[in-house]
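Undergrad: Mind looking over this structure? Questions follow.
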Amino acid sequence: MSAARTKFQNKTDGIKQYMKLRKVNKELETRVMKWFDYLWEHKHSLSDQRVLKVLPDKLQTEIAMQVHFETLRKVRIFQDCEAGLLAELVLKLQQQIFSPGDYICKKGDIGREMYIVKRGKLQVVADDGIKVFATLQEGAVFGELSILNIAGSKNGNRRTANVRSVGYTDLFALNKWDLWTALKEYPDARKLLIAKGREILRKDGLLDEDAPEEQMTAEEMAKNLQNTLKIMQTKMARFAAEFSSAKSKLLARIEYLETQLAKYQTNDSSTISSSGSYRVE
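Going by this note's numbering, the first residue of the sequence shown is number 1, and it counts up by one from there.
So, in structure tokens, the structure goes:
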């Protein structure tokens, strides 16, 4: 037995022991062990990301471009996007594995990732899980509109379908935040993606035409809030300074009036004392 196989076997033995101690039911235990079998069978493809990380950035990009570029370029929203953006995005793709019967997403879920099917088969199913509307196979893409934050989308950023794995399925996922981080350096591409997304929604009758063409990203909203806070802090500081100045003037005025009152009372007492020397008959 190879060292790699021995190491892998030790991991699976540890998982078996854990499930036994925790009294995990047999059905779930079987699913877990089958997943490990699949993982070992496809170990070479599953270790791509770990292997690539030891390479220089330039070589990582070149390999990722050869492996994923054509797939990403076929995604409808990324067609016509500049190569520089796609080069950044291929490095952001994360591989995920789903077991038979696993749901990749369910209708109404908030969309945080788009997916590309690398290996396996998925089904788009009704809420009852029985009726099948469509089958997605290698190269299929879904979820891309939900990560664009398109203002006016009648679906919001919610998933519009239930997607379930038929057998074991390997997917590449692109996270929403990774996309928007990359788009900060490509403002023209960002406008293009939003325009394409709006056009797709418009054709499907899912676009509110009265909504603005773009909505702010979380980062932009945070920046606006920071600017608003700075303005409020400046106003508060000015108000505090004006209040302090007015308070000082008021205290000075009160002190002056108290001094004047004291003088008046002193003079009045002297007058009364002097008039007391006269006899009144």
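Glycine is no exception: its CB is placed at the ideal position from the N, C-alpha and C atoms.
(1) If you pair each beta-carbon of the segment 128-142 with each one of the segment 80-91, do three or more pairs fall below 8 Å?
(2) According to the neighbour-count rule (16 or more other Cβ atoms, all chains shown, within 10 Å of its Cβ), is L59 buried or exposed?
(3) Given N155, which residues of its chain have a CB within under 7 Å of its CB, disregarding the five upstream and five downstream residues?
(4) Mapping DSSP to helix, strand and coil, what is A252?
(5) Pop quiz: V75 and E144 are said to be a contact at Cβ under 8 Å. What is the actual Cβ separation, rounded to whole angstroms?
(6) If you pair each beta-carbon of the segment 103-115 with each one of the segment 192-207, do three or more pairs fall below 8 Å?
(7) Apart from the five residues just before and just after L183, which ones in its own chain have a Cβ nearer than 7 Å to its Cβ?
(8) Can you tell me whether DSSP reads Q123 as helix, strand or coil?
(9) Since I believe S2 is in contact with A101 (beta carbons under 8 Å), could you give me their beta-carbon distance rounded to a whole number of angstroms?
(10) Residues in its own chain within less than 6 Å of N175 by CB, not counting five upstream and five downstream?
(11) Report the three-state DSSP secondary structure of R159 (helix, strand or coil).
(12) Which of helix, strand or coil does DSSP assign to K203?
TA: By the coordinates alone:
(1) By the Cβ criterion, the segment 128-142 is not in contact with the segment 80-91, since fewer than three pairs of Cβ atoms, one from each stretch, lie closer than 8 Å.
(2) For the purposes of this step, residue 59 is identified with residue 59 of the sequence shown, where counting begins at 1. Result: exposed.
(3) As a first step, residue 155 must be located in the sequence shown, where it is residue number 155. Closer than 7 Å at Cβ, skipping near neighbours: L206.
(4) As a first step, residue 252 is located in the sequence shown; it is residue number 252 there, counting from the start. Look at A252 here: in three-state DSSP terms it is helix.
(5) The residue labelled residue 75 in the question sits at position 75 within the sequence shown. The residue labelled residue 144 in the question sits at position 144 within the sequence shown. Contact flag correct, Cβ pair sits at about 6 Å.
(6) By the criterion of at least three beta-carbon pairs nearer than 8 Å, the segment 103-115 is not in contact with the segment 192-207.
(7) As a position in the sequence shown, residue 183 is number 183, starting the count at 1. Closer than 7 Å at the Cβ level, and outside the excluded window around L183, lie A189 and R190.
(8) If you number the sequence shown from 1, residue 123 lands on position 123. Q123 falls in the strand class under three-state DSSP.
(9) Translated into the one-based positions of the sequence shown, residue 101 becomes position 101. Translated into the one-based positions of the sequence shown, residue 2 becomes position 2. It is worth fixing the name first, because residue 101 is Gly in this sequence and not Ala. Not a contact, Cβ separation roughly 32 Å.
(10) Sequence index remark: in the sequence shown, residue 175 carries index 175 (1-based). For N175, where only same-chain residues beyond five positions count, the Cβ hits under 6 Å are E113.
(11) For the purposes of this step, residue 159 is taken as the residue at position 159 of the sequence shown. Reduced to three states, the DSSP call for R159 is coil.
(12) Start at 1 with the first residue of the sequence shown, and residue 203 comes out as number 203. In the structure shown, K203 sits in a helix (DSSP, three-state: H, G or I).
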